[in-house]
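Numbering (the working numbering), first residue to last: 700 to 1076.
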Ligand code: MG
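Here it is, written out as structure tokens:
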């Protein structure tokens, strides 16, 4: 087997010491187990659909905005850079990053909120749990098992949060939520790489869409500080370049701070194994002042972008589409394609949630039109 893991720190996750897969498999000839997990994720159907799913903007609004696919790639890039610097397992963070959003509904959080409302009497719907369901059960690719049969550590990283009820249901994977323990360093890294990626690219997309104005961002200290320094260095810099360069510097500053703070915490806790990491307090974190700045950026985006009236109009429309699709299928399962109808006979409303959650933005819009528009079939 490939020993690309010899350079790792003692606290890193190692393929050879993995808690394993649900279905035992012989090791791959040329790849570590985590590399194999990453490859399985890249080849999955749910991964390809990420191209047509979005978070803030709906897929057809423009070709320049991030999709869940490009978001996942940005998270993987940032997570790998962090993992390399901390001598953690790059392959594992890449696998987690590429899989972390597989369970997202069409239309991002609006879709998830609507589906959660629909599923309330049947156990609710949570995208994070759905990502796990995709890799554990829903992908149909392998002869011997459902799902992708990923390693425990990859699945642990995908499951970022979880209610106590769900945690009890999930056995070994849910244990840490009941015991209030941490996941691997790799999972912690990917979680914060996700936050760095979306905060920064939402600023970029928000400005590009015209929903945010550059002047508004003066009230966001981390943006204002970097933009001010940049204007002093390069007077008269065109706005487009100013935005990109400022975002670039913000990402860099967040990464540098995160590495310094995490190194300080790792030194203090001196974990000698992945189990020490799990038992320690969170080891991957921003420093206090940068945490405060990142939170200020988050709440700015919440107030001015995610709650912008034009975004809200789309959000409400998206919720309506998801709700109406779900209700139509629940009321009459014979509207479903035959294989999904059979799943509903077996699994009840959960199978409808799986079908709706698996849709891309444009597929959901089309399906809604097919069901509700007179003159469409
Ligand atoms: Mg994400």
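In this text, a Cβ means the ideal position worked out from N, Cα and C, and glycines have one as well.
In chain order, the residues that have a beta carbon nearer than 5 angstroms to some heavy atom of ligand 1 are 800, 893. Secondary structure of residue 879 (DSSP, three-state): coil.
With respect to the 8 angstroms criterion, residue 800 and residue 830 are classified as neighbours on the basis of their beta carbons.
Counting C-beta pairs closer than 8 angstroms gives fewer than three between the segment 984-995 and the segment 1020-1037, which falls short of the contact rule. In summary, residue 1065 is exposed, with fewer than 16 beta-carbon neighbours lying within 10 Å of its beta-carbon over all protein chains present. Just so you know, the alpha carbons of residue 906 and residue 836 end up roughly 39 angstroms apart.
When DSSP states are grouped into helix, strand and coil, residue 817 belongs to the helix group. Counting only the Cα atoms, residue 976 lies some 6 angstroms from residue 970.
As the crow flies, the alpha-carbon of residue 777 is around 19 angstroms from that of residue 925. It is roughly 30 angstroms from the alpha-carbon of residue 717 to the alpha-carbon of residue 804. A contact is defined here as three or more CB-CB pairs under 8 angstroms, and the segment 886-893 meets this definition with respect to the segment 767-783. By the criterion of a C-beta distance shorter than 6 angstroms, residue 811 is surrounded in its chain by 804, 826, once the five residues flanking it on both sides are discounted. A distance below 6 angstroms between beta-carbons, with the five flanking residues on each side excluded, links residue 973 to the following residues of its chain, in chain order: 712, 883. Your pair residue 853 and residue 795 checks out as a contact, with CB atoms roughly 6 angstroms apart and the cut at 8 angstroms. Check the Cα spacing between residue 862 and each of 878, 848, 958: the tightest is with 878. The alpha-carbon of residue 936 is positioned some 19 angstroms away from that of residue 909.
One Cα belongs to residue 915, the other to residue 1002, and the distance between them is close to 12 angstroms. Only buried fits residue 1018, as 16 or more other CB atoms lie within 10 angstroms of its CB.
Residues of the same chain with a CB within less than 7 angstroms of the CB of residue 1067, apart from the 5 flanking positions on each side, are 1020, 1023, 1024 in chain order. Separation of the CB atoms of residue 920 and residue 995 is rounded to 6 angstroms, and the pair is thereby assigned contact status at 8 angstroms. The shortest CA-to-CA distance from residue 1059 to any of 722, 740, 967, 754 is the one to 754. Only buried fits residue 771, as 16 or more other CB atoms lie within 10 angstroms of its CB.
Our two residues, residue 849 and residue 1055, have alpha carbons roughly 24 angstroms apart in a direct line. Spatial neighbours of residue 958 in its own chain (CB-CB distance under 6 angstroms, excluding positions within 5 residues in sequence) are listed in chain order as 784. Around the beta carbon of residue 1030, a 10 Å sphere encloses fewer than 16 other beta carbons of the protein chains shown; the residue is thus reported as exposed.
The Cβ neighbour count for residue 1008, taken over all protein chains shown within 10 Å, is under 16; the residue is labelled exposed. Residue 788 sits in coil when the DSSP states are folded into three classes, being neither helix nor strand.
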